[in-house]
Amino acid sequence: MKITHEIKENTIIMTLDGELDASSSVLLDEELSDPEIMEYSKILVDCKNLHYISSAGLGVFISHLQRFEDAQIKLIFYNMQDKVRNVFEILGLDLLMTIVSDYEEARSIANE
Amino acid sequence: MNNSIRVNCTKKNLKTIRDFVTEYLHALSLTDILLNQIVLAVDEICANLIIHANHEDPSKYIVLRIMQERENTLKFEISDEGVAFERANYKEPDIQENIRLGKKGGVGIALVNRIMDKVEFRSNGTQNTCLLYKKIK
């Protein structure tokens with residue numbers, strides 16, 4: 542798993558590349574636990590190259606969601622592959638998290 | 011074709027297991043979504059065995075065997091000698107509650123139960139076996 546960042550004003554764009562399983566999700570947890578992340582009001586997660594997610598990866602997002610919501614930080618996923626989105630859907634997480642089709646839509650929802 | 015794999019209990023081996031299952035299922039021409047679901051269910055069980063039942067002890071092993079029953083059903087048999095899973099103590103997670111509490115774990119078995127047609131846990135005192143069944147046609 543490789544995680545890269547791009548900062549655009551009050552937005553952090555996080556690109557996930559690889560597979561998020563019980564082994565690699567530790568890295569994602571460290572990234573999302575970084576206090577600096579709370580300085581941004583929008584976190585856009587590019588999932589184009591996220592090829593796999595297990596419950597450990599989902600659990601990392603689940604565990605940070607409330608903290609971001611309390612701080613009014615928007616967390617938006619985009620470019621998600623169908624097979625990965627399907628895993629969110631099995632647990633109904635697609636209804637509790639914001640998953641949109643592409644970067645433009647993610648930007649427009651972030652700016653609402 | 012080789013239908014079984016034995017790995018020691020380190021989290022790095024989850025990728026080895028997923029690659030093995032993907033390779034085995036390749037010949038069945040499943041859809042991307044179904045293939046991913048099956049690989050995920052096996053990965054979730056193996057992750058639980060490696061992390062919780064065997065505490066990531068590299069001197070312990072798990073064995074996965076894949077079989078086909080009645081042409082249209084896949085059977086996965088995953089064995090270990092760690093702490094047996096007690097289904098009686100299992101509770102389906104409340105995802106909204108997990109979000110509220112910032113809880114990281116506890117949704118893996120829910121995924122397995124929703125993906126697979128039948129999930130069984132057996133133990134003879136020393137060896138534990140998890141059996142997963144999935145109809146593919």
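If you read the protein sequences in the order shown, they are chains H and B.
Numbered by the numbering used here, the letters in the first sequence go through residues 542 to 653 in order.
Numbered by the numbering used here, the letters in the second sequence go through residues 11 to 147 in order.
For each residue, glycine too, the CB sits at the ideal point set by N, CA and C.
Neighbour flag for residue i against chain H, beta carbons, 8 Å
| i | result |
| --- | --- |
| Ile76(B) | no |
| Asp67(B) | no |
| Val31(B) | no |
| Gly115(B) | yes |
| Asp53(B) | yes |
| Ile105(B) | yes |
| Leu50(B) | yes |
| Lys144(B) | no |
| Ala57(B) | yes |
| Ala37(B) | no |
Own chain, CB closer than 7 Å to residue i, minus 5 neighbours either side, in chain order
| i | result |
| --- | --- |
| Thr552(H) | Tyr581, Lys583, Leu585 and Ala651 |
Cβ of residue i within 8 Å of any chain B Cβ
| i | result |
| --- | --- |
| Asn590(H) | no |
| Ser564(H) | yes |
| Lys543(H) | no |
| Ser596(H) | yes |
| Gly559(H) | no |
| Leu616(H) | no |
| Asn620(H) | no |
| Ser604(H) | yes |
| Leu634(H) | yes |
Buried or exposed by the 16-neighbour rule on C-beta atoms within 10 Å, applied to residue i
| i | result |
| --- | --- |
| Glu653(H) | exposed |
| Val628(H) | buried |
| Ala647(H) | buried |
| Val117(B) | buried |
| Arg110(B) | exposed |
| Tyr100(B) | exposed |
| Met126(B) | buried |
| Met579(H) | exposed |
| His605(H) | buried |
Spatial neighbours of residue i in its chain, beta-carbon cut-off 8 Å, leaving aside the 5 residues before and after
| i | result |
| --- | --- |
| Gln78(B) | Leu84 and Lys85 |
| Lys21(B) | Ala57, Ile60, Ile61 and Glu66 |
Limits of the unbroken beta strand (DSSP E) element including residue i
| i | result |
| --- | --- |
| Gln78(B) | Tyr71 to Glu79 |
| Lys22(B) | Segment: none, Lys22(B) is in no beta strand (DSSP E) and carries neither H nor E. |
| Ser89(B) | Thr83 to Asp90 |
| Leu142(B) | Asn138 to Lys145 |
| Asn18(B) | Ser14 to Asn18 |
| Arg97(B) | Where Arg97(B) is concerned, there is no enclosing beta strand (DSSP E), given that its DSSP letter is neither H nor E. |
| Val129(B) | Lys128 to Ser133 |
| Lys543(H) | Lys543 to Lys549 |
Sequence-distant residues of its chain with Cβ nearer than 6 Å to residue i (five each side left out)
| i | result |
| --- | --- |
| Lys589(H) | Asn620 |
| Ile76(B) | Asn13, Tyr34 and Phe86 |
| Phe131(B) | Phe95, Arg97 and Cys140 |
Residue i - containing alpha helix (DSSP H), residue span
| i | result |
| --- | --- |
| Glu107(B) | Ile105 to Leu111 |
| Ile60(B) | Note, Ile60(B): premise wrong, no alpha helix (DSSP H); not H, not E. |
| Ala37(B) | It is not in any alpha helix (DSSP H) - Ala37(B) carries neither H nor E in the DSSP assignment. |
| Val122(B) | Gly118 to Ile125 |
(request) Ignoring anything shorter than 4 residues or poking outside the segment 586 to 646 of chain H, list the alpha helix (DSSP H) runs there in chain order. (result) 596 to 611 and 623 to 631
(message) So within the segment 557 to 582 of chain H, which uninterrupted alpha helix (DSSP H) runs reach at least 4 residues, ignoring any that extend past its ends?
(response) Unbroken alpha helix (DSSP H) runs of no fewer than 4 residues, entirely contained in the segment 557 to 582 of chain H, are found at 566 to 574, following chain order.
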